[in-house]
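In our numbering, the protein residues as written are 26 to 312.
Note that beta-carbon positions come from the ideal geometry of N, C-alpha and C, so glycine has one too.
Taking it in order: structure first as structure tokens, then the write-up.
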């Protein structure tokens with residue numbers, strides 16, 4: 026399995042799937058091993074996916090200093106991977122909580138980004154967060170689902186502070202556009218892939234300086250795609266639109282019927298959207 030050394034010496038692993046031009050993929054969670062990304066709905070047939078296991082997750086080593094789990098301190102890991110791969114500019118894809126890491130990387134190294142693809146991504150780095158009200162708004166779209174009653178009751182307990190595994194397991198259907206066998210297997214794998222201690226530190230105090238990040242990405246010349254799920258709560262499509270407005274020229278696509286993992290809900294739609302975006306030439310450049 027390929028690996029490289031982070032600036033602090035931590036050995037970080039990555040997984041390569043598919044053929045073609047490289048696409049660096051950052052997993053969310055936060056701090057979930059990259060295995061849950063799979064082949065991104067078949068996107069590996071069009072691009073070579075380089076899926077980083079963030080420090081302390083998957084096949085990557087535990088760092089000597091747990092404070093380095095903080096999102097902003099992992100930017101150097103992404104840059105070390107770029108250098109290790111010998112790439113001048115990168116196509117970077119980030120899912121969910123990794124949106125923060127990708128945005129911080131873009132803010133610190135704007136000249137190294139060719140394209141940035143944000144899949145149902147967070148943007149606390151830019152000062153945008155998701156709220157309980159957002160979760161309730163999205164949940165209201167699912168009332169006709171057979172699992173809704175039990176799942177919503179569990180959601181209420183979670184919002185009230187429940188940490189019971191049974192309650193967290195019960196709300197999983199809200200994060201998928203289709204609660205089928207594939208979604209259920211995907212959800213069941215999360216516990217083994219998650220690093221809870223690291224997740225607690227990821228967005229801890231000092232991780233984000235939104236004003237600075239907004240100013241930095243405003244001057245970035247990379248093309249940016251935000252892909253939101255129609256029934257996802259993080260972000261809601263309207264919140265994704267607010268995020269897009271903070272990044273000049275960003276393109277927003279809302280995938281119909283999709284939840285937080287759009288490559289599972291409709292692989293063909295997902296891969297068509299992302300591969301089309303990645304294949305576009307920047308304005309003003311020769312084809």
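Alpha carbon to alpha carbon, how far is residue j from residue i? Give it in angstroms, no decimals.
i, j, result
"residue 257", "residue 199", "8 Å"
"residue 301", "residue 220", "34 Å"
"residue 134", "residue 284", "30 Å"
"residue 172", "residue 114", "45 Å"
"residue 309", "residue 139", "At residue 309 the pLDDT is 40, less than 50, meaning the model places this residue with poor confidence and gives no usable figure here."
"residue 190", "residue 215", "12 Å"
"residue 170", "residue 196", "13 Å"
"residue 281", "residue 305", "22 Å"
"residue 212", "residue 276", "29 Å"
"residue 158", "residue 262", "14 Å"
By a C-beta neighbour count over all protein chains shown, 10 Å radius and 16 as the cutoff for buried, is residue i buried or exposed?
i, result
"residue 288", "buried"
"residue 56", "buried"
"residue 69", "buried"
"residue 99", "buried"
"residue 42", "buried"
"residue 108", "exposed"
"residue 168", "exposed"
"residue 248", "buried"
"residue 27", "exposed"
"residue 35", "buried"
With DSSP run on the structure shown, which of helix, strand or coil describes residue i?
i, result
"residue 138", "strand"
"residue 249", "strand"
"residue 312", "Bear in mind that the predicted position of residue 312 carries a pLDDT of just 27, short of 50, making it too unreliable to give a figure here."
"residue 47", "strand"
"residue 182", "helix"
"residue 276", "strand"
"residue 29", "strand"
"residue 219", "strand"
"residue 256", "coil"
"residue 148", "strand"
"residue 143", "strand"
"residue 57", "strand"
Considering just the uninterrupted stretch of the alpha helix (DSSP H) at residue i, what are its terminal residues?
i, result
"residue 302", "292-304"
"residue 87", "Residue 87 -> no alpha helix (DSSP H), and no H or E assigned at all."
"residue 37", "Where residue 37 is concerned, there is no enclosing alpha helix (DSSP H), although the beta strand (DSSP E) it sits in stretches over 36-42."
"residue 193", "190-195"
"residue 104", "100-110"
"residue 17", "Because residue 17 is not part of the residues shown, which for the chain are 26 to 312, the question remains open."
"residue 284", "Looking at the DSSP string, residue 284 is not in any alpha helix (DSSP H), and its letter there is neither H nor E."
"residue 334", "Only positions 26 to 312 of the chain appear in this structure, which leaves residue 334 out of reach."
Kindly indicate the opening and closing residues of the beta strand (DSSP E) around residue i.
i, result
"residue 73", "73-77"
"residue 116", "115-120"
Rounded to whole angstroms, how far is the Cβ of residue i from the Cβ of residue j, which I believe are closer than 8 Å?
i, j, result
"residue 314", "residue 59", "With the chain covering 26 to 312 only, the question about residue 314 has no answer from this structure."
"residue 152", "residue 239", "7 Å"
"residue 119", "residue 144", "7 Å"
"residue 49", "residue 77", "7 Å"
"residue 103", "residue 126", "7 Å"
"residue 259", "residue 147", "7 Å"
"residue 24", "residue 45", "Nothing can be reported for residue 24: it is not among the residues displayed for the chain, which extend from 26 to 312."
"residue 131", "residue 141", "6 Å"
"residue 182", "residue 194", "About 12 Å; that fails the 8 Å criterion."
"residue 235", "residue 150", "7 Å"
If you measure from the beta carbon of residue i to each beta carbon in chain C, is any gap under 7 Å?
i, result
"residue 69", "Absent from the structure is chain C; it holds one protein chain and no more."
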